[in-house]
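Protein chains in written order, with the working numbering: chain A, 12 to 617; chain B, 247 to 625.
Yeah, the Cβ is synthetic: ideal placement off N, Cα and C, and Gly gets one too.
Have a look at the structure below, then the notes.
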């Protein structure tokens with residue numbers, strides 16, 4: 012009985028111990044609840060929201076680019092695409108097959124679709140085909156019963172109405188690449204495109220706008236349950252360019268099959284009215300993405316459609332440089348308006364013979380005539396008297412040898428040599444013969460077509476250091492550009508020479524003169540060799556340009572302005588392997604004539 | 247002898263009305279509260295719908311309640327008399343499940359009764375407690391304190407635990423062992439024997455590790471480092487902690503638990519229902535549930551202490567301990583304190599067998615209370 016009593020006491024004692032242990036274990040549970048639900052509550056609330064809220068960026072419409080008259084040069088076009096929602100079709104393959112009967116899909120496309128379908132959850136729409144035409148949309152809708160799970164979705168894609176005509180300054184947009192600076196969460200949005208070249212790249216920040224936010228509640232499988240909050244983005248700014256789309260189109264077309272560049276500037280404001288580099292690419296195609304083959308074709312084309320020749324092409328200015336040489340000589344007093352040279356067709360310096368383009372020479376000739384006839388001998392002699400440094404100094408005043416910095420990529424600076432440059436570059440002293448060929452814009456000198464346009468504008472406006480710009484100048488007034496320290500009388504002599512080039516019989520561009528209600532063009536042609544003519548060839552007769560392969564033909568240049576008496580438009584034209592200066596002069600004439608016509612039609616009625 | 251006979255006669259003579267009158271009203275209230283919370287949470291788990299869980303649970307609880315009342319009104323000596331038979335039936339059912347699992351379509355834990363699936367392991371939880379209570383009731387303290395005296399009860403634990411373990415159901419096997427262990431402790435088995443057992447367990451752990459199934463090994467490894475596999479096994483624990491923590495002090499509100507309703511929380515209607523409750527009703531709600539559970543256990547203890555029979559005392563303590571392990575293991579598991587072992591929260595988690603076994607247990611505890619004055623002899 013005692014033992015039984017003990018047994019009962021042990022049970023009670025030990026049970027109480029057990030009870031206390033259980034109580035303590037419940038305290039542990041409560042402590043843990045406190046730790047998680049009070050002490051760490053904020054952390055877990057954040058994590059729960061991260062689970063539940065999916066924030067999506069809303070892509071704002073990209074800013075529209077307009078020309079000076081409000082014509083759209085780059086805009087956003089509705090893009091209809093066919094999407095497939097896998098969970099809405101009983102059989103993905105059957106639906107795809109039915110789709111293929113309506114619209115063929117390449118094997119690569121089909122493979123990508125299947126990969127995307129596998130990668131995404133079954134309620135995520137996968138793109139089947141985009142850029143659908145109205146007919147294609149109609150076909151899909153007509154066959155909708157056979158196409159379960161196919162939906163048509165509307166988005167925006169960049170569209171360039173003028174296609175390749177504006178390509179080299181507008182540029183294009185394309186998908187964000189690994190090298191792009193990801194300073195904006197928008198860049199992480201799949202399919203988002205940014206400016207990769209031209210104005211699209213230059214004004215990327217303004218054009219892009221600001222992304223909106225869409226906060227969605229999603230479940231564990233990513234399915235959208237409801238919209239929590241929507242903050243609309245800010246559309247990109249509109250950009251108004253100085254370009255005149257009609258002049259631009261005319262300028263582009265006037266090249267035909269030729270490869271080259273043309274720039275038209277307003278000589279007072281510096282506004283770029285036309286900016287052509289031919290041939291060009293289609294920015295619509297590049298924005299949508301081209302295949303490797305198409306890209307290869309573009310990049311291997313001998314006429315370099317991907318290169319912006321107006322800005323990245325460096326060419327000897329040839330005779331278009333003679334105005335600079337003449338002005339330097341007149342200003343320094345090396346020659347006067349009355350100074351004459353005798354051109355016998357060649358000139359001997361040391362053991363070198365320097366030829367004029369005209370075999371039998373021009374006879375006695377002054378500076379205005381030398382410009383009109385583009386006499387080389389006159390400029391050899393002038394350059395000899397002047398020295399390279401004076402020439403280089405004047406060239407720089409006219410904007411040659413340095414970048415114009417209009418913001419487009421891959422601009423080249425060109426090259427204006429002087430004695431110091433030669434010493435640094437080659438460790439050699441400057442040779443007189445090098446001054447001679449510099450006098451006719453050959454030798455080391457390199458310029459870009461844009462620089463030549465700036466040079467011409469500065470001559471045309473009477474010596475104001477106008478700077479080119481792509482932005483529309485709204486004031487319409489002449490801007491406060493610095494006036495060069497050049498005697499007006501000398502400037503007039505040069506302009507007289509340029510007038511005679513085009514409008515006086517015997518001038519090198521007389522055949523390309525224009526007359527629009529009495530408004531005429533002044534200008535200067537240039538022809539530069541891309542090959543060396545040997546002594547032997549000179550003796551046996553120089554090969555005709557037409558007999559040479561395209562790549563070996565001369566480059567043709569023309570710079571000009573109009574109207575001759577009250578200049579408004581300056582043009583620079585380069586035609587690669589265009590044989591002779593008149594090829595460029597013809598194009599330049601057409602462009603300036605169009606500019607004059609457009610000017611007349613846009614004048615307000617009085 | 248005479249006196250005890252007198253008492254037992256007197257108690258035997260208790261009318262049904264008297265028995266019903268002496269059912270602890272508070273105890274039943276706590277049970278009803280828990281069941282009510284359970285049905286409410288299942289309603290929420292189905293996004294505010296009675297189907298598929300809440301109504302079913304209510305019906306099962308009704309059945310369980312009936313079982314509880316019947317057991318409560320049953321004479322305590324009946325449980326003692328049939329304790330071993332009950333134990334053998336449960337053991338045979340476990341063996342049947344085991345054998346049919348081997349012959350049939352893979353692992354199986356239940357026997358289909360048509361209207362419900364009976365898990366013999368749940369029966370065994372009650373049966374083992376009753377069988378051990380009867381065994382120790384008949385033992386002397388000397389026998390309990392001797393090694394020979396605890397060989398038989400040890401085997402009584404060992405066989406069902408082994409069978410359940412191979413089902414495989416590690417959680418239930420552990421519960422059987424823990425509950426039995428607590429009873430061994432309560433009756434006075436010396437602490438050093440537990441020390442030897444635990445030591446032996448630690449030594450044999452590497453061997454036991456090899457017997458664990460891959461998914462069980464994974465659960466342990468994942469518990470030790472949940473970030474090991476954030477999308478796989480660790481996902482449950484991580485999402486459970488996020489749900490709990492984000493509930494904060496006052497919760498997100500009924501039907502407003504984002505983790506639960508957006509399906510980030512797995513098994514929200516079964517093992518992780520306490521998480522969902524804590525998300526929607528915060529720490530206040532969670533602590534309330536803890537307190538109700540604690541009160542049920544505390545009342546069970548007081549019933550045990552008031553009972554004059556050793557069998558009644560030990561049975562009530564064993565059943566209360568069994569209930570405690572359900573609650574503690576489930577809560578500790580969803581709170582990330584122990585590995586996920588798949589133990590439901592009784593009366594709140596969805597599941598029929600658990601309701602029946604727990605309610606049967608409550609019925610027996612109530613019977614201990616009602617029959618507290620019946621003194622049972624050693625045989």
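- Taking 7 Å as the Cβ-Cβ cut-off, the region 58-91 of chain A approaches chain B at 58, 59, 62, 63, given in chain order.
- Inter-residue distance for residue 296 of chain A and residue 204 of chain A is about 13 Å (C-alpha atoms, whole angstroms).
- Within the region 497-572 of chain A, complete alpha helix (DSSP H) segments of at least 4 residues are found at 499-514, 546-551, given in chain order.
- Listed along chain B, no residue sits closer than 9 Å to residue 227 of chain A by beta-carbon distance, the nearest being about 11 Å off.
- No Cβ-Cβ contact shorter than 8 Å links residue 406 of chain A with residue 278 of chain A.
- Less than 8 Å divides the Cβ of residue 622 of chain B from the Cβ of residue 555 of chain B.
- When Cβ-Cβ separations below 8 Å define contact, residue 292 of chain A makes no contact with chain B.
- Along the length of the region 200-243 of chain A, whole beta strand (DSSP E) runs at least 3 residues long occupy 204-206, 223-229, 235-242, reported in chain order.
- The C-beta separation of residue 615 of chain B from residue 552 of chain B comes to about 7 Å, placing the pair in contact by the 8 Å criterion.
- For the options A:251, A:330, A:276, A:422, the alpha carbon positioned closest to that of residue 383 of chain A is the one of A:330.
- By the Cβ neighbour-count rule, residue 299 of chain B is buried, with 16 or more other Cβ atoms within 10 Å of its own.
- Here residue 519 of chain B is near residue 595 of chain B, since their CB atoms are less than 8 Å apart.
- Each residue's CA atom was taken as its position, placing residue 264 of chain B and residue 317 of chain B some 15 Å apart.
- Residue pairing by DSSP puts residue 251 of chain A in a beta bridge opposite A:77.
- Of all residues in the region 488-505 of chain B, only 488, 489, 490, 491, 492, 493, 494, 495, 504, 505 come within less than 8 Å of chain A when Cβ atoms are compared, listed by chain position.
- Between the beta-carbon of residue 494 of chain A and that of residue 475 of chain A there is about 6 Å, and that keeps the pair under the 8 Å contact cut.
- Taking a Cβ-Cβ cut-off of 9 Å, the neighbours of residue 559 of chain B in chain A comprise 19, 22, 23, 26, given in sequence order.
- The three-state reading of DSSP puts residue 545 of chain B in helix, counting H, G and I together.
- Looking only at A:149, A:602, A:587, A:58, the smallest Cα-Cα distance to residue 269 of chain A is reached by A:587.
- By the criterion of a C-beta distance shorter than 7 Å, residue 418 of chain B is surrounded in its chain by 367, 410, once the five residues flanking it on both sides are discounted.
- Just so you know, the alpha carbons of residue 309 of chain B and residue 332 of chain B end up roughly 20 Å apart.
- DSSP places residue 563 of chain B within a helical segment (H, G or I) once states are collapsed to three.
- Rounded to the nearest whole angstrom, the C-alpha separation of residue 425 of chain A and residue 273 of chain A is 17 Å.
- If only uninterrupted alpha helix (DSSP H) runs of at least 4 residues are considered, those enclosed by the region 294-348 of chain A are 294-299, 303-311, 320-323, 333-343.
- Per DSSP, the continuous alpha helix (DSSP H) segment holding residue 594 of chain A begins and ends at 592-613.
- Spatial neighbours of residue 263 of chain A in its own chain (CB-CB distance under 6 Å, excluding positions within 5 residues in sequence) are listed in chain order as 176, 287.
- A residue is called buried once 16 or more other Cβ atoms fall within 10 Å of its Cβ, and residue 81 of chain A, having fewer, is exposed.
- The continuous beta strand (DSSP E) containing residue 375 of chain A extends over residues 374-376.
- In the DSSP assignment, residue 363 of chain A is bridged to A:360.
- Residue 582 of chain B is positioned such that its CB atom lies no closer than 8 Å to that of residue 498 of chain B.
- Here residue 559 of chain B is near residue 550 of chain B, since their CB atoms are less than 8 Å apart.
- Looking only at A:74, A:484, A:233, A:447, the smallest Cα-Cα distance to residue 333 of chain A is reached by A:447.
- Measuring C-alpha to C-alpha distances from residue 160 of chain A to each of A:543, A:123, A:110, A:170 identifies A:110 as the nearest.
- Annotation: Cβ neighbours of residue 578 of chain B in chain A (cutoff 9 Å, chain order): 36, 39, 40, 43.
- A distance of 8 Å or more separates the beta carbons of residue 543 of chain A and residue 567 of chain A.
- Taking C-beta atoms as the reference points, residue 248 of chain A and residue 78 of chain A fail to come closer than 8 Å.
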